[in-house]
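Peer 1: I'd like to ask you about the structure that follows.
Residue numbers (this note's numbering): 1154 to 1444.
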């Protein structure tokens, strides 16, 4: 594991307190910025300080948002195991439009602590993330520049919900969330040995949109050092689960059937020994010119 910390400041260098800082692992994203693991969030203190502990290695994009401010540019980081990255500064500028609303459950009650993340698409493989959190009354506010966004609401106890919006002025967008199911399991070899740090992929359910094609929703998490994993925020339905780690990959999917808000435990995802292929992409007729 690693840690990442820094400051949120405005363009005059003053600290910004209460900013929501979002860190997204960008490995495993498709060309539209979708997929991958869910984001982590933190809030800056009175001196603008923020931190993330127990960060898994990988490529990260860190952004922040605060009322009346938008991020100047995201931080793109590569985090190595055991590394302590400090002093990373996120600059916010005054401006943008307010997207606000209420997050509620299917019974109309407020959902506190939901993460509202905004993905702005700026051409092929260029994406900007911003985030806010709902308060005790389920209300949220997020400051965004004009553009087209995919707005996603996530909470460990509810099914993820997304909406597309074109923002050119202040706008209201409410969400109603359904209770979620969860899958608890372990990634093991064919000999029954746990596989540490495997990536676990689940596809299916009653959602729409997928990271790798086909019907249903897609979700990805990383297993811990003992191979254990938890897939949360799932809708009801049938899921196909696969896993991969260095030197291992699933030869067949593991199927799990979920009811509404059901938790299924002791799922074993088996991986076989696998090989990797690497190489170079070069220009046709000129093997020395890499693309």
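All residues carry an ideal CB built from backbone N, CA and C; glycine is no exception.
1. Closest by CA to residue 1341, which one among 1426, 1222, 1326, 1175?
2. Just to confirm before moving on: does the CB-CB distance between residue 1354 and residue 1331 stay below 8 Å?
3. DSSP three-state label for residue 1430, please.
4. Below 8 Å between beta carbons: does that hold for residue 1336 and residue 1387?
5. Could you check if residue 1365 is buried or exposed, using at least 16 other CB atoms within 10 Å of its CB as the buried criterion?
6. Which same chain residues, not among the five before or five after residue 1285, have their C-beta less than 7 Å away from its C-beta?
7. Could you name the residues of the same chain whose beta carbon sits closer than 7 Å to that of residue 1242, not counting the 5 residues immediately before and after it, in chain order?
8. Answer yes or no: do residue 1154 and residue 1233 have a C-beta to C-beta separation smaller than 8 Å?
9. Check each candidate in 1408, 1266, 1255 and name the one with the smallest Cα separation from residue 1326.
10. With the cut-off set at 8 Å, would you say residue 1265 and residue 1283 are in Cβ contact?
11. If you drop the 5 nearest sequence neighbours on each side, which residues of the same chain put their C-beta closer than 6 Å to that of residue 1298?
12. Looking only at its chain, what residues have a beta carbon closer than 8 Å to the beta carbon of residue 1352, apart from the 5 residues adjacent to it on each side?
13. Alpha carbon to alpha carbon, how far is residue 1390 from residue 1384?
14. Does the distance from the CB of residue 1253 to the CB of residue 1329 come in under 8 Å?
15. Where does the unbroken beta strand (DSSP E) through residue 1224 begin, and where does it stop?
16. Please report the Cβ distance between residue 1197 and residue 1156, rounded to the nearest whole angstrom; I am assuming they are in contact, meaning their Cβ atoms lie under 8 Å.
17. So within the stretch 1340-1421, which uninterrupted beta strand (DSSP E) runs reach at least 3 residues, ignoring any that extend past its ends?
Peer 2: In terms of the structure at hand:
1. Translated into positions along the chain shown, residue 1341 becomes position 188. If we check each option's Cα against that of residue 1341, 1426 comes out closest.
2. In the chain shown, counting from the first residue as 1, residue 1354 sits at position 201. In the chain shown, counting from the first residue as 1, residue 1331 sits at position 178. At a Cβ-Cβ threshold of 8 Å, residue 1354 and residue 1331 do not count as neighbours.
3. The count along the chain shown starts at 1 and reaches residue 1430 at position 277. Under the three-state reduction of DSSP output, residue 1430 falls in the coil class, being neither helix nor strand.
4. Along the chain shown, one-based indexing puts residue 1336 at 183. Along the chain shown, one-based indexing puts residue 1387 at 234. Contact: yes.
5. The residue given as residue 1365 occupies position 212 in the chain shown. Any reading at residue 1365 is ruled out, since the residue's pLDDT is 34, under 50, leaving its predicted position unreliable.
6. Locating residue 1285 in the chain shown gives position 132, where the first residue counts as 1. Excluding sequence neighbours, residue 1285 sits near 1173, 1218, 1269, 1293, 1294, 1295.
7. On the chain shown, residue 1242 is found 89 positions in, with the first residue counted as 1. Beyond the five residues adjoining it in sequence on each side, residue 1242 comes within less than 7 Å, by CB distance, of 1159, 1160, 1162 in the same chain, given in chain order.
8. On the chain shown, residue 1154 is found 1 positions in, with the first residue counted as 1. On the chain shown, residue 1233 is found 80 positions in, with the first residue counted as 1. Annotated as distal: residue 1154 and residue 1233, with beta-carbon spacing of 8 Å or more.
9. For the purposes of this step, residue 1326 is taken as residue 173 along the chain shown, with counting starting at 1. Nearest option by C-alpha distance: 1255.
10. To locate residue 1265, count along the chain shown from 1; it is residue 112. To locate residue 1283, count along the chain shown from 1; it is residue 130. Not closer than 8 Å, so no.
11. Against the chain shown, residue 1298 aligns to sequence position 145. Excluding its 5 nearest sequence neighbours in each direction, residue 1298 has C-beta neighbours in its own chain below 6 Å: 1223, 1249, listed in chain order.
12. As a working note, residue 1352 is residue 199 in the chain shown. Close CB contacts of residue 1352 within its chain, under the 8 Å cut and outside five residues either way in sequence, are with 1181, 1373, 1374, 1375, 1376, 1396, 1397, 1398 (chain order).
13. As a position in the chain shown, residue 1390 is number 237, starting the count at 1. As a position in the chain shown, residue 1384 is number 231, starting the count at 1. Rounded to the nearest angstrom, the two C-alpha atoms are 14 Å apart.
14. Along the chain shown, one-based indexing puts residue 1253 at 100. Along the chain shown, one-based indexing puts residue 1329 at 176. Not closer than 8 Å, so no.
15. Locating residue 1224 in the chain shown gives position 71, where the first residue counts as 1. Where residue 1224 is concerned, the enclosing beta strand (DSSP E) stretches over 1222-1224.
16. For the purposes of this step, residue 1197 is taken as the residue at position 44 of the chain shown. For the purposes of this step, residue 1156 is taken as the residue at position 3 of the chain shown. 16 Å between Cβ atoms; not a contact.
17. Counting only runs of 3 or more, we get 1352-1357, 1370-1375, 1381-1387, 1390-1398, 1407-1411.
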